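Numbering (the working numbering), first residue to last: 1 to 189.
Glycine is no exception: its CB is placed at the ideal position from the N, C-alpha and C atoms.
Model, not experiment: these values are computed from the prediction.
Below: the structure, in structure tokens.
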């Protein structure tokens with residue numbers, strides 16, 4: 001069943017829509033819908049790819065090892081995790097922790113776009129190649145990370161996903177440079 005019209009939905013209606021969603025093949029395999037978390041009115045939003053096993057179990061984005069690292073990154077930016085909004089391209093876990101398919105992402109992204117409209121952040125940090133592809137229509141995270149982009153008047157900073165940093169710790173310095181650009185833009189440096 002396709003998603004209903006989302007453009008006039010408030011937070012509660014959008015959340016309810018996501019919780020009841022059966023629009024793609026991920027719905028029957030999920031334990032929980034991972035809608036998003038944090039401040040619904042903030043200047044800073046983080047977008048990842050999709051829930052993993054820990055997130056699916058708890059219904060909260062970024063709670064595993066990558067989530068611990070993201071929380072440290074947020075603190076280093078002089079924010080508390082509760083002061084930013086965290087969401088994903090898809091709200092249900094792709095089996096085997098694979099990347100979402102084009103159909104899955106394209107089915108789910110209207111919910112994320114409405115979340116962005118409701119949050120009204122000044123900056124969105126894209127975590128990895130998947131949100132870069134599906135929100136910005138671009139590929140090449142290694143080439144594009146650290147470069148400002150714009151989404152509907154909002155400044156966007158693509159950078160590496162925390163899970164990538166766990167496998168490639170040398171890239172943490174690059175991500176810190178990216179986050180410092182965000183901090184400077186938001187007056188946090």
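Tell me whether residue i is buried or exposed, calling it buried when 16 or more other Cβ atoms sit within 10 Å of its Cβ.
i           : result
residue 10  : exposed
residue 18  : buried
residue 98  : exposed
residue 178 : buried
residue 77  : buried
residue 131 : buried
residue 4   : exposed
residue 163 : buried
residue 105 : buried
residue 158 : buried
residue 143 : exposed
Is the beta carbon of residue j closer than 9 Å to that of residue i?
i           : j           : result
residue 160 : residue 147 : no
residue 126 : residue 47  : yes
residue 92  : residue 50  : yes
residue 29  : residue 95  : yes
residue 266 : residue 24  : Any question about residue 266 goes unanswered here, given that the chain covers just 1 to 189.
residue 38  : residue 82  : yes
residue 79  : residue 181 : no
residue 107 : residue 2   : yes
residue 26  : residue 14  : no
My understanding is that residue i touches residue j, with C-beta atoms under 8 Å, so please give their C-beta distance in whole angstroms.
i           : j           : result
residue 194 : residue 45  : Any answer about residue 194 is impossible in this case: the structure gives the chain only from 1 up to 189.
residue 175 : residue 165 : 6 Å
residue 134 : residue 89  : 5 Å
residue 56  : residue 31  : 5 Å
Counting only C-beta atoms, is residue i closer than 9 Å to chain C at any point?
i           : result
residue 151 : You won't find chain C in this structure, because it holds only one protein chain.
*Can we say the region 114-125 touches the region 57-66, given the rule of at least three CB pairs closer than 8 Å?*
no
*Pair every Cβ in the region 37-51 with every Cβ in the region 137-151, then say whether three or more of these pairs are closer than 8 Å.*
no
*Could you tell me whether the region 129-139 touches the region 51-61, using the rule of 3 or more Cβ pairs below 8 Å?*
no
_Which complete beta strand (DSSP E) runs does the region 101-183 hold, if anything under 3 residues is left out?_
123-127, 149-151, 154-159
*Where in the region 37-99 do unbroken runs of the beta strand (DSSP E), each at least 3 residues long, occur, reported from the N-terminal end onward?*
44-48, 85-88
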